[in-house]
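Everything below concerns the one structure shown next.
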Amino acid sequence: MVNMHSGLRTRAALPMADQRRELPLTLLFLAASVLVAATAGFALGAWLLLSSSLGLPLPSGGWAPLVQLHGHAQLVGFAGLLVMGIGYRVFPRFRGAAAPAARLVLLSFALVAIGLALRSALLWPDLGARPLLLLLSGTLEVAGAALYAGIVLDVLSRGENEHRPDEALIALGALWYPVGATWAFVALLPAIGGAPTADAVATEASVAVLLLGFIASNVAGVSLRVAPAFIAAPPASARVIVAGAGLWYLGILATTLRVGGAPVALLAGALLLAFAVGPFRATGARQPLPAHARLTRFAFRASYAWLVLGVAILAAAWLSPWPIAGATTAARHALALGFLMSIIFGVGARLVPALTGGIAFLAPAVWAALALTNAAAALRVASELAGRGDGVTSVALAMSGLFAYAALAVFAVSAARTVRSALRGFA
């Protein structure tokens, strides 16, 4: 266990030949992910919050299409590209299989990235080429998502290592990606026909599938695999993992089809998966965890606490005889800001050095990113649930957006420092 912890902090974390060959692809996905987050993701999100709370003017397009573009960019561009890039590196190692062909990996990246860029045509309803651009956007994203799913399923079917139950979460997460991309394409159909915005119902379905099915499932699958090494988490039984995954996917399907009771299934699945990952259980280490492992454990705990809280808000809203104002938006940001960003900024601080061979992130920077992320999530969730438009809520919303962007900046600077050291090592 100690060797695993120390190895992930050095350039020897992965074989040097693999690092040299695969580093450019890893950097491509990482750089594109951060670029999207810094523009259409966190930056646009902060602008929208400042507009609603402090009256800042909005760019062309108006509120609704900007919100739709922001949410899609965060899921497909920031989190989605990061999941793809990391998955292409770690899934073959989970299976003991050869890496996928670089040309297919590049093609999947190009399809998704170009499709995402073309989706910005949603903001210009008077643009003559808008219908064609949006048609191409949806088509390319579906094709890229389908190619990713095919590559991942092929990798998981090969290899010398024994199959493990966490691979079911990864495989099904890959399959949910083209489903979510298809819903996002369906959402574009009214805009392709000339409407100013995408279809709201199909947009909600795409958000649910991409967030819960594609991204969260992959995060849970990778968490189950790396938590024993990163934080000495005790392994969970296959029954718990399978039961948690089954309830989770039942909840996603029910959510997409707008069937009652979906939040209850999601909550049960989230509780079982959080237990299986094990950040709240006693460690299996014989010695106290080193400082960097305790930091990673905090990230795991924060992330899975937000996961449970997010779906608990949805379950409470469904069970309550009275409407809970802002429950859906609050739950979505508990998941997107709290769950996903905590795991990306915390566990990503371990994975990026391991995958690139660069130096470790500085612990104060990781703590700062996690503190800012959790503060942003807490302010956003509390403000949405409060449901008031007073000055306090407006300031809280504005601070939430600024904190989230600051967390991204800290992570991006830390990642750039690590990558720069990796590139010097290969010079």
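Sequential numbering from 240 applies to the sequence shown in this note's numbering.
Note that CB positions come from ideal geometry on N, CA and C, so glycine has one too.
For residue 487 versus residue 508, is the C-beta distance shorter than 8 Å? yes
Determine whether the beta carbon atoms of residue 261 and residue 328 lie at a separation below 8 Å. yes
Same chain, Cβ closer than 6 Å to residue 414, neighbours up to 5 away in sequence not counted: 388
Which runs of the alpha helix (DSSP H), 4 residues or longer, sit entirely within the segment 340–367? 341–357
Under 8 Å: do the segment 338–350 and the segment 374–392 share three or more Cβ pairs, one atom per stretch? yes
As a quick exercise: from 306, 405, 647 and 264, pick the residue whose alpha carbon is nearest that of residue 439. 306
Drop a sphere of 10 angstroms on the beta-carbon of residue 309, count the other beta-carbons inside from all chains shown, and report buried for 16 or more, exposed for fewer. buried
So what's residue 245 in DSSP terms, helix, strand or just coil? At residue 245 the pLDDT is 35, less than 50, meaning the model places this residue with poor confidence; the figure from the coordinates comes in the next sentence. Residue 245: helix per DSSP, three-state reduction.
Straight-line Cα distance separating residue 599 from residue 249: Confidence in residue 249 is poor, its pLDDT being 35 and thus under 50, which makes the residue's placement unreliable; the coordinate value appears in the next sentence. Approximately 7 Å between the Cα atoms of the pair.
In whole angstroms, what separates the C-alpha of residue 590 from that of residue 582? 11 Å
Test item: CB-CB of residue 354 and residue 272 under 8 Å: no
Specify the secondary structure class of residue 393 as computed by DSSP and reduced to three states. helix
Buried or exposed for residue 456, please, with buried defined as at least 16 other CB atoms from any protein chain shown within 10 angstroms of its CB. buried
On the CB-based measure, 16 or more other CB atoms within 10 Å of its CB, does residue 571 come out buried or exposed? buried
Where does residue 431 fall in DSSP's three states? helix
For residue 653, is the classification buried or exposed, using 16 other Cβ atoms within 10 angstroms of its Cβ as the cut-off for buried? buried
Per the contact definition of three or more C-beta pairs closer than 8 Å, is the segment 394–411 in contact with the segment 472–483? yes
Would you check if the distance between the CB atom of residue 454 and the CB atom of residue 322 is smaller than 8 Å? yes
Given a threshold of 16 other Cβ atoms within 10 Å of its Cβ, counted over all protein chains shown, does residue 283 qualify as buried or as exposed? buried
Measure the C-alpha to C-alpha separation of residue 418 and residue 448 and round it to an integer number of angstroms. 7 Å
Could you give the first and the last residue of the continuous alpha helix (DSSP H) run that contains residue 584? 580–595
Look at residue 657 and residue 562 and say whether their C-beta atoms are less than 8 Å apart. no
Between residue 330 and residue 400, which are expected to be in contact by the criterion C-beta below 8 Å, what is the C-beta distance as a whole number of angstroms? 11 Å between Cβ atoms; not a contact.
Tell me the DSSP secondary structure of residue 560 in three-state form. coil
CB-CB length for residue 390 against residue 451, believed under 8 Å: With 8 Å as the limit, residue 390 and residue 451 do not qualify as a contact, their Cβ atoms being about 22 Å apart.
Is the beta carbon of residue 611 less than 8 Å from the beta carbon of residue 578? no
Indicate whether residue 585 and residue 538 have their beta-carbon atoms separated by less than 8 Å. yes
Can you look up residue 657 in the DSSP assignment and give me helix, strand or coil? helix
So what does DSSP say about residue 522, is it helix, strand or coil? coil
CA-to-CA distance, residue 467 to residue 251, given in whole angstroms: Summary for residue 251: the model assigns pLDDT 37, below 50, so the residue's position carries little reliability; its value from the coordinates is reported in the next sentence. Each residue's Cα considered, the two are about 20 Å apart.
Beta-carbon proximity check, residue 362 vs residue 304, cutoff 8 Å: yes
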